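Engineer: Take this structure first; my questions come after.
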Amino acid sequence: MKHLIQLLFFICLSVSWVITASSDDSDGCIACHQIIDEDRDDDEKIMTHIMEDVHFQKGLSCSDCHGGNPNAGDDEDEAMWDVDDFVGAVDKKDQPRFCGKCHSDPEYMRQYSAHIKTDQESQYWTSHHGQKLTENDEHVAVCTDCHGVHGIYPIKDPRSLVYHMNVPTTCKRCHSDKDIMANSGLPTDQFDKYKSSVHGTALFDKKDIGAPACNDCHGNHGAMPPTILSISDICGTCHANNAELFKGSHLREIFIKENIKLCEGCHNHHDILKPTDEALNWSENETCSHCHSDGQDKANRLAGTLFNIIDSLNNKIEEAIETVDLAENKGMEVSELFFSLEDAHKNLIQTRTSIHSFNEEFVRKTSEDGYKAADAAIIGAEQALTEFGFRKKGLIVFSLILTFFVIVLYLKLKSMENK
Amino acid sequence: MKNPDRKKFLDIMLGAGATAWLASILYPISKYLIPPSVPDSNVTNVDVGSITEFPPNSSKIIRFGRKPVIVIRTKEGDFKALSATCTHLDCNVQYKTDTEQIWCACHNGFYNLEGTNLSGPPPKPLAQYNVRIANEKVIISSEDMS
Amino acid sequence: MKLYDWINERIDLDSAVKFATKKQVPVFYGTVWYYLGGVSLFLFIVQVFTGILLILYYQPGATTAFESVKFIVSKVSFGWLIREIHSWSANLFILFIFLHMFTVYFAKAYRKPREITWYSGFILLLLAMFFGFSGYLLPWNELAFFATKVGSDIAGAVPIVGDFLLKLLRSGDEVSGATLTRFYGIHVAVLPLVFTLLLGLHLMFVQLQGMSVPPEQENLPHDKRKYMPFFPNFATRDLLLWLIVLNVIALLAVFFPWELGQKADALASAPAGIKPEWYFMFMFQTLKLIPAHVWFIEGELFGIMMFAIAGLIWFLVPFLDKKANQGKRSLFWKFVGIFAIVFIAGMTIWGYSV
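Chains as they are written, first to last, in numbering that gives the first Met the number 0: chain A, 0 to 418; chain B, 0 to 145; chain C, 0 to 353.
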């Protein structure tokens, strides 16, 4: 009998546990806060996107981050204030540690993904943002400033504030704000410069998700401006050839000695424009003369030579395009010549890249294939034009023969009818 | 007809005209009938050379119709053929013999030998082509469209 | 002359020559219209010869058709010429058939006893248009691919048999390599056979019955009417005109070549400004103008029905135009003819101007 009572007691206990545990949607926090939200302004509402939040999606609820007792019912004290581990709105300076409770714990995070990173917080403390925060400067970004608060999406989700395409606008929220940046000594024009740069237009206008956003050069959690030396490695992650060539050039040592940032020295940083061949043109462009004064004949000469190599290849290609177009407009079948034009154009890009060696011989050698390809296109197009001339001549001959035949036939007809 | 000479002359001219005209028609036709020495540009199959031209762990870029195709022979001796146009900004890719990967020098994009984009900016994999060996020759073909 | 005699002894050539020389062609202001049928015939002969030459190199099939045409125009010597002549002559062929038909119509040449000639001529026109439609696809380029898609779609809108027609034309639900093979067979085997037989009949009727003259000429007294022998007088004039037409085609072929364009790709989106061949333009444009629904029937279906009815009326003109058989002109049918010309010309121009 005693055992039976014990058994009944356990059954009741486990049933009640199952009921409370399975009633997620009757989570006390959500139930109350949804009602509270109704009276709040839109920007103060916290529950709007909670259901889409990645944490909520993975089965976590309010109390898993904020503590408290979701089963306490209407009593606020019992639900929040009297519970030891309860954390309400998080202080800014505590924010990284608050997220780090879980995100810095490899054992805990492993259950969500086998290769999930847990170094974000430790990286953060090494970043400019993190260092300033330890100095009690709260004009810096913490986790939530970039990732959002109660509507955090995975980074691959286009709705995420840190989705690749959204990164620049997210950074801009603070970095283009003069008030926030007032004490930092940093400029606020990076976004505008970036937007019109070759990278910005690729990302925003061409929607090229391969184009770098802020974090691709500055890092994410360990965000820092790159140093003189690291910059070539950073640019080199994508511009591998250019970086490699420059590494082997004689200019590298000089740049380091003179304290000039490697790539930035010529290309700038946020407003990196699509380089033009004219950048090598001494008289019209300051790219080189910025450091090399006019008197430096050697540098002047090299730039001029490099410019000429590229410019004449460019002209050659343009001539080839014109000739091929001319043949095509005459109705000749020249589609195969477009291979050569394509080859020539690819070589032009290679030749432009090769100037990072600042070695005349190397650049000249690189451009050879381009000349060959352009020449092949010109020869082919000229052959097509000759063929067109042949067709015209053939037509004339044919017409003459035909006209003669027609006239004689006509005369014959007349003479027959006059009989 | 008053002048029999004139009639005769006219007849000769008529014969000459007709012959010349016929010749001007038959000449292009006879030329047309003889096929050109260039082989038929059938681009469903491209013969890219004999096996011996491909030592293991090497590659070659060839033309397949209008498109460049990279033909790779792996260390193990297998052949792979993939579109050589990088899916990022249309540069030509190359085979990196050290890592045995396909590399686009323009923005440092990497693909594996199945064409899958591994790292860097390329948004899509490279298209694959079929490779078959016939009589010691390497022949590339695309998937049949029909 | 020995050869002539040799043959003549066996198959009475003399009577054929006698027939041709005795045959009289009426000479009056309308004689010039008689040449149009001859030019159409000549263009058909050009089509047969250039077509046979093209077959020598053409390879049907989704992966080979475009390439082989490109091969013909770029690699084979004078291949471009053969293809250009075939394309240009095809277009002129249809143009001259139309001109021929309208002159016949206004000359009332369809009246008794030449009704069957008219019927056969009308069917020849339809066959010629189908020739054009099937041949247009063969280079397997982008424009042709989508034009065929649209064209066969219209066939699919025909009530009851539409689905059958669509599948029959496309050899499946979509325009594909199988459609190309089918069109090739139709273009080089079925149509030439049917067309040649019917054309033979058409020409035989013309030869047997002689040239028709408009009612006014027929009513003239005998001594006021003039003639010339068909052979050699009229035939030589025919030949002269044919030679000139050939030269014009050669000129067009060199200076206004038809572009090959891009290879067809079933997955590519339709190129902008896709238009059918010009001789289908008036129908295409009309179908575009008809609202989505007319009363309770679908607009497209309504348009097709209208064209079918109009075509049937046009076909049956010899039967419907009672006055013509009495040697009189009917004002009503004159206006029908003018309306047809204005409609076709207007719609075609409209179709190209938008």
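Even for Gly, the Cβ is constructed at its ideal location relative to N, Cα and C. Since the structure is predicted, the reported quantities are computational estimates derived from the model, not experimental observations.
Check the Cβ of Ile28(B) against every Cβ in chain C and list those closer than 9 Å, keeping chain order.
Structural biologist: Position 29 of the second sequence, counted from the start, is the residue given in the question as residue 28(B). Chain order gives the chain C residues near Ile28(B) as Phe48, Leu52, Phe77, Ile81, where near means a beta carbon separation below 9 Å.
Engineer: Shortest alpha-carbon distance to Arg96(A) belongs to which of Arg109(A), Cys142(A), Leu305(A)?
Structural biologist: Indexing the first sequence from 1 puts residue 96(A) at position 97. When each option's Cα is compared against that of Arg96(A), the closest is Cys142(A).
Engineer: Along chain C, in chain order, which residues have C-beta atoms closer than 9 Å to that of Lys392(A)?
Structural biologist: Within the first sequence, residue 392(A) is the residue found at index 393, counting from 1. Near Lys392(A) there are no residues of chain C at all, since even the closest Cβ is about 10 Å away, more than 9 Å.
Engineer: Go ahead and pull the three-state DSSP assignment for Asn165(A).
Structural biologist: The count along the first sequence starts at 1 and reaches residue 165(A) at position 166. Helix, per DSSP.
Engineer: Run through chain B and tell me which residues come within less than 7 Å of Lys411(A), C-beta to C-beta.
Structural biologist: Position 412 of the first sequence, counted from the first residue, corresponds to residue 411(A). By Cβ distance, chain B contributes Leu9, Leu13.
Engineer: According to DSSP, Trp94(B) sits in a beta bridge with which residue or residues?
Structural biologist: For the purposes of this step, residue 94(B) is taken as residue 95 along the second sequence, with counting starting at 1. According to the sequence provided, residue 94(B) is Tyr. The question's Trp does not apply to it. BP columns for Tyr94(B) point to Ile101(B).
Engineer: For Lys262(C), which of helix, strand or coil comes out of DSSP?
Structural biologist: Counted from its first residue, the third sequence places residue 262(C) at position 263. Lys262(C): strand per DSSP, three-state reduction.
Engineer: Taking three-plus beta-carbon pairs below 8 Å as touching, is the region 63-81 of chain C in contact with the region 28-37 of chain B?
Structural biologist: yes
Engineer: Helix, strand or coil for Thr226(A) per DSSP?
Structural biologist: For this step, residue 226(A) is matched to residue 227 along the first sequence. In the structure shown, Thr226(A) sits in coil (DSSP, three-state: anything other than H, G, I, E or B).
Engineer: Given this structure, state the Cα-to-Cα distance separating Arg224(C) from Ala307(C), to the nearest angstrom.
Structural biologist: Looking up residue 224(C) in the third sequence gives position 225. Looking up residue 307(C) in the third sequence gives position 308. Computed Cα separation, rounded: 40 Å.
Engineer: When you compare the CB of Ile348(C) with every CB in chain A, is at least one pair closer than 8 Å?
Structural biologist: Indexing the third sequence from 1 puts residue 348(C) at position 349. For Ile348(C), no CB of chain A lies under 8 Å from its own CB, so it is not counted at the interface with that chain.
Engineer: Starting from Asp46(B), trace the beta strand (DSSP E) in both directions and tell me its first and last residue.
Structural biologist: Residue mapping note: residue 46(B) aligns to position 47 of the second sequence, counting from 1. That run of the beta strand (DSSP E) goes 44-49.
Engineer: Go through its chain and collect everything with a Cβ distance to Leu112(B)'s Cβ below 6 Å, but skip five positions before and after it.
Structural biologist: Within the second sequence, numbered from 1, the residue matching residue 112(B) stands at position 113. The residues Lys79, in chain order, have a CB closer than 6 Å to that of Leu112(B) in the same chain once the five nearest residues on each side in sequence are set aside.
Engineer: Check the Cβ of Thr235(C) against every Cβ in chain A and list those closer than 7 Å, keeping chain order.
Structural biologist: Residue 235(C) sits at position 236 when you count from the first residue of the third sequence. Chain A residues near Thr235(C): Leu408, Leu412.
Engineer: Here's a check: name, in chain order, each residue in its chain whose Cβ is nearer than 7 Å to the Cβ of Glu263(A), leaving out the five neighbours to either side.
Structural biologist: Residue mapping note: residue 263(A) aligns to position 264 of the first sequence, counting from 1. Same-chain partners within the cutoff: Ile230.
Engineer: Considering Cα atoms alone, identify which of Pro67(B), Asp77(B), Cys103(B) is closest to Pro55(B).
Structural biologist: Translated into positions along the second sequence, residue 55(B) becomes position 56. Checking every option, the nearest Cα to that of Pro55(B) belongs to Asp77(B).
Engineer: Buried or exposed: where does Ile18(A) fall if 16 or more other Cβ atoms within 10 Å of its Cβ makes it buried?
Structural biologist: Within the first sequence, residue 18(A) is the residue found at index 19, counting from 1. At Ile18(A) the pLDDT is 43, less than 50, meaning the model places this residue with poor confidence; the figure from the coordinates comes in the next sentence. Exposed is the call here.
Engineer: Got a sec? Which residues, its chain only, sit under 8 Å from Trp241(C) by beta carbon, not counting five neighbours each side?
Structural biologist: Start at 1 with the first residue of the third sequence, and residue 241(C) comes out as number 242. Closer than 8 Å at the Cβ level, and outside the excluded window around Trp241(C), lie Gly37, Val38, Phe41.
Engineer: In chain order, what residues of the same chain have a beta carbon less than 8 Å from the beta carbon of Thr18(B), not counting five sequence neighbours either side?
Structural biologist: Residue mapping note: residue 18(B) aligns to position 19 of the second sequence, counting from 1. Once the five neighbours on either side are set aside, Thr18(B) has no close Cβ partner at all.
Engineer: Is there a Cβ of chain C sitting closer than 8 Å to that of Pro67(B), yes or no?
Structural biologist: Taking the second sequence and counting its residues from 1, the one referred to as residue 67(B) is at position 68. No, because no Cβ of chain C sits closer than 8 Å to the Cβ of Pro67(B).
Engineer: List the residues of chain A whose Cβ lies closer than 7 Å to the Cβ of Ser73(C), in chain order.
Structural biologist: On the third sequence, residue 73(C) is found 74 positions in, with the first residue counted as 1. Glu332, listed in chain order.
Engineer: Would you list the one or two residues that DSSP bridges to Ile69(B)?
Structural biologist: Locating residue 69(B) in the second sequence gives position 70, where the first residue counts as 1. DSSP, once it has assigned bridges, lists Ile60(B), Leu81(B) as partnering Ile69(B).
Engineer: Hey, quick one: how far does the alpha helix (DSSP H) through Arg131(B) stretch, first residue to last?
Structural biologist: In the second sequence, the residue the question calls residue 131(B) occupies position 132. In the DSSP assignment, Arg131(B) falls outside any alpha helix (DSSP H) and lies within the beta strand (DSSP E) extending over 127-133.
Engineer: Quick check on the burial criterion: 16 or more other C-beta atoms within 10 angstroms. Buried or exposed for Asn326(A)?
Structural biologist: Residue numbering aside, residue 326(A) sits at position 327 when the first sequence is read from its first letter. In the sequence as displayed, the identity of residue 326(A) is Ala instead of Asn. Label assigned to Ala326(A): buried.
Engineer: Answer yes or no: does any C-beta atom of chain C fall closer than 8 Å to that of Ser398(A)?
Structural biologist: Here the question's residue 398(A) lines up with position 399 in the first sequence. Ser398(A) counts as touching chain C.
Engineer: In the DSSP assignment, the alpha helix (DSSP H) including Phe306(C) goes from what residue to what residue?
Structural biologist: On the third sequence, residue 306(C) is found 307 positions in, with the first residue counted as 1. Segment 298-314, the alpha helix (DSSP H) holding Phe306(C).
Engineer: Please compile the residues from chain C whose C-beta is within a distance smaller than 8 Å of the C-beta of Pro34(B).
Structural biologist: As a first step, residue 34(B) must be located in the second sequence, where it is residue number 35. Neighbours of Pro34(B) on chain C, chain order: Tyr56, Val75.
Engineer: Is there a C-beta anywhere in chain A that falls below 8 Å from the one on Lys123(B)?
Structural biologist: One-based indexing of the second sequence puts residue 123(B) at position 124. No, its Cβ sits nowhere closer than 8 Å to a Cβ of chain A.
Engineer: Which partner residues of Gln23(C) appear in the DSSP bridge assignment?
Structural biologist: Counting from one through the third sequence, the residue named residue 23(C) turns up at place 24. In the DSSP output, where bridge partners are listed per residue, Gln23(C) has Pro228(C).
Engineer: At the level of alpha carbons, what is the spacing between Thr347(C) and Val31(C)?
Structural biologist: Within the third sequence, numbered from 1, the residue matching residue 347(C) stands at position 348. Within the third sequence, numbered from 1, the residue matching residue 31(C) stands at position 32. For Thr347(C) and Val31(C), the distance between alpha carbons rounds to 26 Å.
Engineer: Express the C-alpha separation of Arg5(B) and Phe403(A) in angstroms, rounding to a whole number.
Structural biologist: Counting from one through the first sequence, the residue named residue 403(A) turns up at place 404. Counting from one through the second sequence, the residue named residue 5(B) turns up at place 6. Each residue's Cα considered, the two are about 17 Å apart.
Engineer: Taking DSSP as the reference, what is the three-state secondary structure of Val362(A)?
Structural biologist: In the first sequence, the residue the question calls residue 362(A) occupies position 363. In the structure shown, Val362(A) sits in a helix (DSSP, three-state: H, G or I).
Engineer: Are the region 291-305 of chain C and the region 144-163 of chain C touching by the rule of at least three beta carbon pairs closer than 8 Å?
Structural biologist: yes
Engineer: Return the CA-CA distance between Val293(C) and Ala83(B), expressed in angstroms with no decimal places.
Structural biologist: In the third sequence, the residue the question calls residue 293(C) occupies position 294. In the second sequence, the residue the question calls residue 83(B) occupies position 84. Approximately 54 Å, taken between the alpha carbons.
Engineer: Within the chosen definition, does the region 87-104 of chain C reach the region 116-132 of chain C through at least 3 CB pairs nearer than 8 Å?
Structural biologist: yes
Engineer: For the region 3-57 of chain C, which segments carrying the beta strand (DSSP E) assignment without a break, of at least 3 residues, lie completely within its bounds, in sequence order?
Structural biologist: 23-26
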